[in-house]
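Residue numbers for the sequence shown follow this note's numbering, so the first one is 182 and each next one is one higher.
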Amino acid sequence: MGNWVEVSASDLYEGELRGLEVGERLVLLACHEGEISAMDDSCNHAGCLLSGGWIDARKAAVICPCHEYAFELRSGRNVTRPRLCGDQQSFPIRVEGGRVYLQIEE
Ligand code: FES
């Protein structure tokens with residue numbers, strides 16, 4: 182079980198992708214349809230930062246800017262066909278009193 186870490190994301194706006202450093206990790210925060218989600222920002226295909234990509238609303242996925250693979254925002258699941266790389270690690274999010282917390286292993 183990881184620790185809950187507060188991240189500065191209360192100002193995240195609809196449709197935003199934001200890259201953060203959390204300890205040694207690069208984490209992508211996204212806001213889609215009012216829901217905040219988090220996954221590893223470094224794409225497991227070739228390491229590009231997903232925070233430089235965009236959201237595909239139809240797939241509810243982030244699209245990597247390098248080779249346009251799609252990862253589902255809620256789960257980090259690779260929803261690209263054909264699947265040429267794995268899923269992204271996703272992180273649980275908790276919103277409490279306007280503050281955003283991320284569960285992450287240090
Ligand atoms: S680096 Fe992300 S799809 Fe290739």
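Note that beta-carbon positions come from the ideal geometry of N, C-alpha and C, so glycine has one too.
Can cysteine 229 and cysteine 247 be called in contact, C-beta distance under 8 Å?
-> yes
Give a single yes or no on whether alanine 242 has its beta carbon closer than 7 Å to a heavy atom of the ligand FES.
-> no
Are at least three pairs of beta-carbons, each pair with one atom in the segment 252–267 and one in the segment 211–223, less than 8 Å apart?
-> Judged by Cβ distances under 8 Å, the segment 252–267 makes contact with the segment 211–223, as three or more pairs qualify.
Given 8 Å as the limit, is there contact between the segment 208–218 and the segment 233–246, that is, 3 or more CB pairs closer than that?
-> Taking 8 Å as the limit for Cβ pairs, the verdict is that the segment 233–246 does touch the segment 208–218.
Span of the beta strand (DSSP E), counted from its first residue to its last, around asparagine 184 = 184–188
Can you find a heavy atom of the ligand FES that lies under 7 Å from the Cβ of glycine 228?
-> yes
Length at least 3, wholly inside the segment 196–241: the beta strand (DSSP E) runs in chain order = Counting whole runs of 3 or more residues, the segment 196–241 contains the beta strand (DSSP E) stretches 198–203, 206–213, 216–221, 235–237.
DSSP-derived helix/strand/coil call for tyrosine 289 | Since the displayed the chain opens at 182 and closes at 287, residue 289 lies outside it and no answer follows.
Measuring from the CB of tyrosine 194, is there a heavy atom of the ligand FES at a distance below 7 Å?
-> No; taking the cut-off as 7 Å, the Cβ of tyrosine 194 has no heavy atom of the ligand FES nearer than that.
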